[in-house]
Amino acid sequence: MPEKYILLVEDNPDDEALTLRAFSKSNIGNPVEVVRDGKEALDYLFCEGAYAVRDAKHRPTVVLLDLNLPKIGGLDVLKRLRADPRTKRQPVIILTSSKEEQDIIRGYDLGANSYIRKPVDFAQFLTAVGQLGLYWLLLNEAPPEPQS
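Residue 1 is where the sequence shown starts when you use our numbering, and the numbers rise one by one after that.
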């Protein structure tokens, strides 16, 4: 069985470093793949473009998706994932600094599994990331792979 891993979709280098540091401090040793815009996220998940040779059967355990992304926004990424039978059950957690109620509603309407607002305080962020890792990487029972 392939190792469980996280796909982090984050364009801000500071937020990326903060998230990776929080995983490390929370003793979450699972690999984290990072993509930096919405198009790259879709290419990664659908094994297209630069990721055409990636093994499509080795899916991330969970996708941490920022909303404010270049090229294709996070909500549009989520919409595409939910529209495709190969990724419609992919666990996706919106991890964003957006406080817009409309983003929360739209995220859930499009099928987000969770919506987490990035806390400004690192201690809070560390706690949130630790709980996230514990739940999604250890406790959650993933859906079976879609039939090809």
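C-beta: ideal position from N, C-alpha, C; glycine also.
Model, not experiment: these values are computed from the prediction.
Item: On a Cα-Cα basis, can you pick out the residue from I72, V77, Q90 and L78 that is closest to A56?; Value: Q90
Item: I'd like the span of the beta strand (DSSP E) that includes R117, first residue to last.; Value: S114 to R117
Item: Rank P144, N30 and D15 by C-alpha distance to the C-alpha of K88 and give the top, closest one.; Value: P144
Item: Are the segment 17-31 and the segment 75-85 touching, with three or more C-beta to C-beta distances below 8 Å?; Value: no
Item: Could you check what DSSP says for T96 in three-state terms: helix, strand or coil?; Value: strand
Item: Keeping to the same chain, check which residues put their C-beta closer than 6 Å to that of V35; ignore five residues upstream and five downstream.; Value: V9, A41 and Y44
Item: Quick check: what's the CA-CA separation for N27 versus V63?; Value: 19 Å
Item: What does the alpha-carbon distance come out to for the pair G130 and L75?; Value: 25 Å
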